Structures are given as structure tokens and as C-alpha cells.
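Contents: one structure, followed by commentary.
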Amino acid sequence: MRPPRLLFRALLSVVGIAGCGSSDNDKVIEDAQGQNCSGTTYVAFDPKNHAAQDQRVQIHAAFRTKLEPAATDPTKAPSVFAEIEGLYASTADLRVEVQGLADQHFPDDANSKSVGKQIDQAITGAIARGKAATAPLDVKIAGHIVDEALTRFFFLYVFHELSEGERPAYDEGYGTLGTGATNDPQKLLSLAALASEIDGLYQTDYEKKLFDDIREGSCQLDKALREHGGDSVDWKTNEAYGTEVREIDGLLTEVLARAVVHEFTELADQQNLDDATEELYEGAFYFFAIDAAMRGKGGMAATDATDIAASLNGVMNDIDSGDPTWKGKIDAGSIGDRVSKAFGF
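Its first residue numbered 16, the sequence shown is counted upward by one per residue in our numbering.
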């Protein structure tokens, strides 16, 4: 029996939505040492820093639960997706933040500068698709696109904030990660929840490592700011802080890559066409989150990434045009193998 699809993972608990407020870049709770250098919980430089991010990851989880009844009764889809559309636009400037995001992994690349607009187009297009849905599969496809596109945004946003090398921005990255202050398994959201699911599938420990590293990065950032003064530190030149930024980003990239491998491994063996179509869209939009990272490796990995992206876009066009033979046009097992090889699994 296949594990539950990542989109429809049961959410046992969602914490209340926090209010927003201004933050104090100089506020440090522990005066005697670097932030989060001891203890077992994450202590924010200022909880107001991550209030908006808390709201965004909570509404992402709420989207998943709202979609479930529409997936079984498509007559509910227009109202459900209309609600999602409103929440996407109004919750803590989520849509504005998505539209304005650039991929800081490749700051000089023209395509990277427009990645937020690309993500927004995927989300708004999926919402329109969901409003027009007349069958359960249509609802599920639209839901997967919204879910995985937002996951891609959160992934890039964490790196964007951590690379700022500032206390408020660091707290924003922490909030987007979704661990919460204690990494409670029952309350994980966003990328932390996905990491936990991947751990269950592959017997890995991404969830724990991410929480340990987000705390250690806070510690190293605060130490560097105390030592050198000023409001920011360059993560590229500060070895201790830069190590943590790279580690967190590397772990998240691996989590997403493993999600790709999981979906295409299942797709390779899937006989039910509707289930295969779901897995195709899930795997494709997780792949789009790591496409640039895979291309950035150069060599065969870059060649494979280009080929995979072209193949996925072609097959999704076939699905949209109603072609029932699309599954014979894609080598799902090969996609999983090539992603595994590129990321060293």
C-alpha cells in the first residue's frame, strides 16, 4: 500500500495565527551569549519578526485541509478555490511576497530574478483550474500545483532570508521553515513537515538536522554580529555562519529532491491513470523547485535537468489536451534515477 500523498498529509494540529508588528534589529534576549547557543528550543531575536511568516505557513496548511472535501465532491471546488484565492491575496502579503521573490542562489541569472512571478502564475493558474474543476482529478491536480508551488516559494524564501545575515531576516527564515520553537512532531508545518514525511519514507533525519541547524545558525549569526558590530554579516565570508546557511539550504534541497524521487518511483509502477496523473503533477512541481540547483551542478546533471523539465512540460501539455497515452511518453523511473544521481543519493 502506497504511503499517503504528500499534499493530503493529515495535519494533527495547527497553532493559532499570530499578529504582526514591528521588530527591533538590536533586540537580543540572551545578553550573555550568542542567540540559541544553549538550550533545546528556538528563541527568536524578536517574535514579531516571524509573525507574518507564521501566518503564511499556517494558511498553506489550511489550503490542504480545505481542498479535501472538494476532492471528493467537485461541486464544492468553485467556492473552495475562491476562498483559497482570497486567502492567497490577503494573508500577510503572501501573494505580494511570492511575486517579488528572486532566487538568491543565482543572483546574476535573469531567469532567477523572475522566479517569483513564475510561481505566482502557477498558483493563480491552478486556482482558476480548480474553480473550473468538474471531476475529482481536476481538483487534485489544481491542489497539487498550489501546494508544491508554495513549497517552492518557502524553500527559496528561507535561503533569501538567511543570506541577508540580519537578525530580523533570520527569524523570518526560521518562521518559514515551520519547525516552531520546539520542533514538536505534531505541529510541524511547511518545509519541516515535508522533511518529516521524507524521514518516514527514507529513514533519514532531515527534520532533526534542520531544527538543530536553524538554532545553530542563529547562534553563529548573533556571535558574529556581537563580535564585529553592525546590523548584518556576509554569509559568504563569515565561515561559521556561512556553514550553517549552506547546511540548511543543502538539507532542504535534498528533502525536495527526495520528494521528486519518491513521486516518480511510484509513478513508474502505477497502473491507475488518475493516480499516475496525480503523481506526475506532484513530482513535476517538486522538480521545478530543484531544477535550477540541478542545472547549477553542471555536466550531466545540467543536461538531465534540462531534459527532465522539457519532458515534464510536454507530458503536462498532453494531459491538458486530453491525451490518455501520456504515460507511455515518459520514463518515470529514469527521472528518479537521474535526480538521485545528481544529488548523490
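We treat Cβ as the ideally placed atom computed from N, Cα and C, and that holds for glycine.
Remember, predicted model here, so these are calculated numbers, not experimental data.
Less than 7 angstroms separating the beta-carbons of residue i and residue j?
i: leucine 271; j: alanine 304; result: yes
i: alanine 143; j: proline 89; result: no
i: valine 154; j: alanine 141; result: no
i: valine 260; j: leucine 177; result: yes
i: alanine 275; j: tyrosine 301; result: According to the sequence displayed, residue 275 carries valine and not alanine. Yes, these two residues count as a Cβ contact at 7 angstroms.
i: glycine 257; j: tryptophan 250; result: yes
i: methionine 309; j: alanine 324; result: no
i: alanine 85; j: lysine 91; result: yes
i: isoleucine 134; j: arginine 167; result: yes
i: glutamate 297; j: histidine 175; result: no
i: alanine 207; j: threonine 191; result: no
i: cysteine 234; j: asparagine 64; result: no
i: glutamate 293; j: serine 247; result: no
i: valine 113; j: serine 205; result: no
i: leucine 288; j: alanine 347; result: no
i: alanine 67; j: alanine 107; result: yes
i: leucine 327; j: alanine 307; result: no
i: aspartate 228; j: glutamate 278; result: no
i: leucine 203; j: histidine 75; result: no
i: serine 129; j: phenylalanine 121; result: no
Closest to residue i by C-alpha separation, out of the options, would be which residue?
i: leucine 266; options: Ala255, Ala210, Gly158 and Arg241; result: Ala210
i: leucine 295; options: Lys344, Glu259, Ser247 and Glu254; result: Lys344
i: threonine 9; options: Glu297, Gly314, Arg230 and Thr280; result: Here the chain comprises residues numbered 16 to 360, so residue 9 is not present and cannot be evaluated.
i: glycine 311; options: Asp123, Glu83 and Lys146; result: Asp123
i: glutamate 100; options: Phe121, Thr87 and Ala77; result: Ala77
i: valine 173; options: Asp186, Glu163 and Ala164; result: Asp186
i: threonine 361; options: Asp335, Val354 and Ala104; result: This structure cannot settle anything about residue 361, because the visible part of the chain is limited to 16 through 360.
i: glutamate 269; options: Pro93, Gln286, Ala299 and Leu225; result: Leu225
i: aspartate 284; options: Ser349, Lys238, Thr318 and Ala299; result: Ser349
i: lysine 94; options: Ser105, Lys81 and Thr106; result: In the sequence as displayed, the identity of residue 94 is serine instead of lysine. Answer by Cα proximity: Lys81.
i: glycine 188; options: Leu203, Phe170 and Asn198; result: Phe170
i: aspartate 214; options: Pro339, Gly145, Asn328 and Arg273; result: Arg273
i: aspartate 290; options: Leu152, Ser129 and Glu163; result: Leu152
i: serine 53; options: Ile334, Thr318 and Asp237; result: Asp237
i: methionine 331; options: Ala239, Ala137, Thr252 and Gln286; result: Ala137
i: glycine 145; options: Leu216, Thr318, Glu83 and Leu240; result: Glu83
i: glutamate 179; options: Thr139, Ala196, Leu216 and Thr252; result: Thr252
i: glutamate 163; options: Asp335, Thr87, Arg79 and Asp333; result: Arg79
Decide if residue i is buried, meaning its Cβ has at least 16 other Cβ atoms within 10 Å, or exposed.
i: lysine 356; result: exposed
i: aspartate 118; result: buried
i: glutamate 222; result: buried
i: glycine 115; result: exposed
i: glutamine 201; result: exposed
i: glutamate 254; result: exposed
i: glutamate 242; result: exposed
i: alanine 147; result: exposed
i: glycine 351; result: buried
i: glycine 359; result: exposed
i: glycine 313; result: exposed
i: aspartate 264; result: buried
i: glutamine 218; result: exposed
i: asparagine 198; result: buried
i: aspartate 220; result: exposed
i: proline 183; result: buried
i: glycine 337; result: exposed
i: glutamine 70; result: buried
i: lysine 342; result: buried
i: alanine 125; result: exposed
i: threonine 340; result: exposed
i: glycine 362; result: For the chain, the structure presents residues 16 to 360; residue 362 sits outside this window and is missing.
i: glycine 329; result: exposed
i: aspartate 41; result: Confidence at aspartate 41 is low in this model, with a pLDDT of 47, below 50, so its placement is unreliable and the value that follows should be read with caution. That one is exposed.
i: aspartate 61; result: buried
i: alanine 104; result: exposed
i: glycine 36; result: Bear in mind that the predicted position of glycine 36 carries a pLDDT of just 39, short of 50, making it unreliable; the figure below should be weighed with that in mind. Exposed, by the Cβ-count rule.
i: glycine 31; result: For glycine 31, the predicted model reports a pLDDT of 39, less than 50, meaning its position is unreliable; a value from the coordinates is still stated below. By the neighbour-count rule (16 or more Cβ atoms within 10 Å), glycine 31 is not buried but exposed.
Any beta-carbon of chain D closer than 7 angstroms to the one on residue i?
i: alanine 291; result: This model lacks chain D altogether, as it is built from one protein chain only.
Verify the contact flag: residue i, CB atom, against every heavy atom of the ligand SAH, threshold strictly below 6 angstroms.
i: lysine 251; result: For the structure depicted, the ligand SAH is absent and the ligand set is empty, with no information on it obtainable.
At 4 residues or longer, and completely inside the stretch 64-97: list those alpha helix (DSSP H) runs for me, N to C. Counting only runs of 4 or more, we get 66-87.
Quick check on the DSSP output: what are the complete beta strand (DSSP E) runs of length 3 or more inside the stretch 99-168, in order along the chain? none
Please specify which runs of the beta strand (DSSP E), each continuous and at least 3 residues long, are wholly inside the stretch 275-313, giving them in chain order. Contiguous beta strand (DSSP E) elements confined to the stretch 275-313 do not occur, taking only those with 3 or more residues.
Which complete alpha helix (DSSP H) runs does the stretch 161-218 hold, if anything under 4 residues is left out? With a minimum length of 4 residues, the continuous alpha helix (DSSP H) runs that stay inside the stretch 161-218 are 182-192 and 205-217.
Can you give, in chain order, each stretch of the beta strand (DSSP E) that sits fully within the stretch 225-279 and has at least 3 residues? Unbroken beta strand (DSSP E) runs of no fewer than 3 residues, entirely contained in the stretch 225-279, are not found.
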